[in-house]
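Data first, discussion second: the structure below is written as structure tokens.
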Amino acid sequence: QRKSHLFKIELFYSNAKVHHFTWPHIITIVILTLMKLLLRYLWWCLHQLALWLKSEGYPFIKNALVKIHR
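Heads up: the sequence shown begins at 340 in my numbering, then just goes up one per residue.
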């Protein structure tokens with residue numbers, strides 16, 4: 340029973356190798372690539388936000404707080 344199961348897996352892998360990629364494989368790669376790009380984009384956005392806060396954000400927030408307290 341177990342041998343047949345292993346054989347099935349081996350068969351599946353050999354088939355996958357023949358076809359190079361199976362659909363689930365392609366989909367997984369696409370999803371991972373998109374996630375990588377998304378993370379990179381989010382990281383870039385955070386970086387830009389940090390730069391903005393450094394240059395203009397802090398005075399802007401300070402002024403807003405001062406106005407609110409008045």
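Each residue gets a CB set at the ideal place from its N, CA and C atoms; glycine is no exception. The model shown is predicted, which means the values in this text are computed figures rather than measured ones.
is_contact[residue i, chain B] using C-beta, thresh 8 Å
| i | result |
| --- | --- |
| I365 | Chain labels in this structure do not include chain B; a single protein chain is all it has. |
Nearest-angstrom Cα separation, counted from residue j out to residue i
| i | j | result |
| --- | --- | --- |
| R409 | L392 | 23 Å |
| L404 | W383 | 28 Å |
| E349 | L377 | 35 Å |
| L390 | K406 | 24 Å |
| G396 | I365 | 43 Å |
| N402 | L388 | 18 Å |
| Y380 | S394 | 21 Å |
| I400 | H386 | 18 Å |
Extent of the continuous alpha helix (DSSP H) to which residue i belongs
| i | result |
| --- | --- |
| K401 | 397–408 |
| K393 | Here K393 belongs to no alpha helix (DSSP H), and DSSP marks it neither H nor E. |
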